[in-house]
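Numbering (our numbering), first residue to last: 716 to 819. Notes follow the structure.
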Amino acid sequence: MSIKVAINGFGTIGKRVADAVDAQDDMEIVGVTKTGPSFGCGLAEKKGFPLYCTFDDADRISSFAESGYKCQGGLSDLLAIADVVIDCAPGKMGADNLAKYKAA
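Encoded structure:
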């Protein structure tokens, strides 16, 4: 049984973390997050990583589809299906999300 991994933040660090996790036989990436539609979204889709919005805001989530990306939902949706989360978000976003991480 694989460990289901969520990666919050698919930027410079998150992309490298995702590659490392993806190389493990006992881990599965169940999703990566972006704050909004950008180049990184296309890379996530190309690698087969499900894409989620960093926020649980319906307007932000729908902006992905408007830009041609398939967004599976918000951060809370991703945390609901993950066994662990690796926080690669910038600045103090990890601290801001700590309550969500603990609740999941």
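Each residue gets a CB set at the ideal place from its N, CA and C atoms; glycine is no exception.
Output the residue ranges of the beta strand (DSSP E) runs that lie fully inside the stretch 728–786 and measure 3 residues or longer, sorted by chain position.
742–749 and 766–768
Same chain only: Cβ atoms within 6 Å of V720, ignoring 5 sequence neighbours per side
V736, M742, I744 and V799
Does the distance from the C-beta atom of A818 to that of G724 stay below 8 Å?
no
Residue nearest to I718 in terms of C-alpha spacing, selected from D802, D811, I796 and L813
I796
Bridge partner(s) assigned by DSSP for A721
G746 and V800
Excluding sequence positions up to five away, which residues of its chain have a Cβ less than 6 Å from the Cβ of L793?
A721, G746 and Y767
Report the option in R731, S782, Q739 and D740 whose CA atom is closest to the CA atom of P752.
S782
I think L790 touches F764, with their Cβ atoms under 8 Å apart; what is that distance to the nearest whole Å?
L790 to F764, Cβ: 15 Å. No contact.
On the criterion of 16 or more Cβ atoms from any shown chain inside 10 Å, does G806 qualify as buried, or is it exposed?
exposed
Of all the options V732, N812 and A759, which has the alpha carbon lying nearest to the alpha carbon of Q787?
A759
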